[in-house]
Amino acid sequence: MNIFRLAGDMTHLASVLVLLLKIHTIKSCAGVSLKTQELYAIVFATRYLDIFTSFYSIYNTLMKLIFLGSSFSIVWYMRYHKTVRRTYDREQDTFRHWFLVLPCLLLALLIHEKFTFLEVLWTFSLYLEAVAILPQLVLLQRTRNIDNLTGQYVFLLGGYRGFYILNWIYRYLTEPHFVHWITWIAGLVQTLLYADFFYYYFQSWKNNKKLQLPA
Amino acid sequence: KLVDDTKDEL
Numbered sequence: 001m002n003i004f005r006l007a008g009d010m011t012h013l014a015s016v017l018v019l020l021l022k023i024h025t026i027k028s029c030a031g032v033s034l035k036t037q038e039l040y041a042i043v044f045a046t047r048y049l050d051i052f053t054s055f056y057s058i059y060n061t062l063m064k065l066i067f068l069g070s071s072f073s074i075v076w077y078m079r080y081h082k083t084v085r086r087t088y089d090r091e092q093d094t095f096r097h098w099f100l101v102l103p104c105l106l107l108a109l110l111i112h113e114k115f116t117f118l119e120v121l122w123t124f125s126l127y128l129e130a131v132a133i134l135p136q137l138v139l140l141q142r143t144r145n146i147d148n149l150t151g152q153y154v155f156l157l158g159g160y161r162g163f164y165i166l167n168w169i170y171r172y173l174t175e176p177h178f179v180h181w182i183t184w185i186a187g188l189v190q191t192l193l194y195a196d197f198f199y200y201y202f203q204s205w206k207n208n209k210k211l212q213l214p215a
Numbered sequence: 216k217l218v219d220d221t222k223d224e225l
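Residue numbers (the working numbering), protein chains in the order written: chain Z, 1 to 215; chain X, 216 to 225.
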């Protein structure tokens with residue numbers, strides 16, 4: 001564990017908690033993409049299957065349980081909670097997320113390190129995580145006016161990705177043989193997807209204005 | 216190298 005990795009995990013945790021807290025306290029999920037949240041639930045469910053097969057640390061297991069629990073709670077709130085579900089922007093959140101799942105699954109079947117059930121699903125989760133934010137970014141573009149919490153959620157997620165890249169650079173430099181092309185490329189693609197959003201986020205921050213994305 | 220050192224990441 002290095003400082004970049006810890007900072008990455010903490011911003012990731014903060015992003016999910018910000019979102020869950022927002023939904024729980026103000027009983028609204030306006031501006032939040034259910035498609036993205038469902039994709040994250042799939043990402044965590046397929047990546048963390050190794051909870052049952054291997055143990056790394058208490059930290060590792062605890063964080064996995066938190067991410068699983070929070071992502072499925074958010075999906076539950078948005079789908080079934082009687083007040084929250086009414087605030088969901090159903091008409092705007094039209095991204096066909098299954099068109100992301102299938103190519104990722106095919107890619108994982110083709111490009112992986114080992115052809116085992118757990119390894120292919122783990123690789124699939126990396127590919128899917130890279131693109132899972134897309135429905136959320138599309139929804140942000142459509143609604144344009146973004147409340148602070150949704151903006152912070154995406155900002156924190158982007159921060160998490162940035163720190164993970166630093167973590168990989170650090171590990172590459174300090175740990176012998178730390179080379180993971182699949183993880184790195186998927187992670188880099190994911191980080192790049194945030195670049196556009198970050199540009200407008202900082203613009204609005206600099207000008208002290210409410211965040212607005214161009215249509 | 217077959218040790219899964221990225222599997223301890225989240």
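No residue lacks a Cβ here, since even glycine has one placed at the ideal position from N, Cα and C.
Query, Result
"Test item: CB-CB of L137/Z and L193/Z under 8 Å", "yes"
"8 Å Cβ cutoff, M10/Z in contact with chain X", "no"
"Any C-beta of chain X under 8 Å from that of F72/Z", "no"
"Inter-residue Cα distance where the pair is A30/Z and Y88/Z", "5 Å"
"4-residue-minimum alpha helix (DSSP H) runs that sit fully inside the segment 4-71 of chain Z, ordered along the chain", "34-47"
"Under the three-state DSSP convention, the category Q212/Z falls into", "strand"
"Within-8 Å CB hit, T183/Z to chain X", "yes"
"Buried versus exposed, by CB contacts within 10 Å (16 or more), S33/Z", "buried"
"For K222/Z, the first and last residue of its enclosing alpha helix (DSSP H)", "As displayed, chain Z neither begins before 1 nor continues past 215, which places residue 222/Z out of reach and without an answer."
"Endpoints, alpha helix (DSSP H) assigned at D220/X", "No alpha helix (DSSP H) contains D220/X, which DSSP labels as neither H nor E."
"Beta carbon proximity, H112/Z to chain X, threshold 8 Å", "no"
"Limits of the alpha helix (DSSP H) - the one that Q190/Z falls within", "181-193"
"Sequence-distant residues of its chain with Cβ nearer than 7 Å to G251/Z (five each side left out)", "Outside the shown range of chain Z, which is 1 to 215, sits residue 251/Z, and nothing can be said about it."
"L156/Z versus A130/Z - alpha carbon distance", "15 Å"
"Outcome for P176/Z when other beta-carbon atoms lying within 10 angstroms are tallied against a minimum of 16", "exposed"
"Pairwise C-alpha distance: N208/Z and E119/Z", "46 Å"
"Three-state secondary structure (DSSP) of D147/Z", "coil"
"Proximity test, Cβ basis, 8 Å: F67/Z and chain X", "yes"
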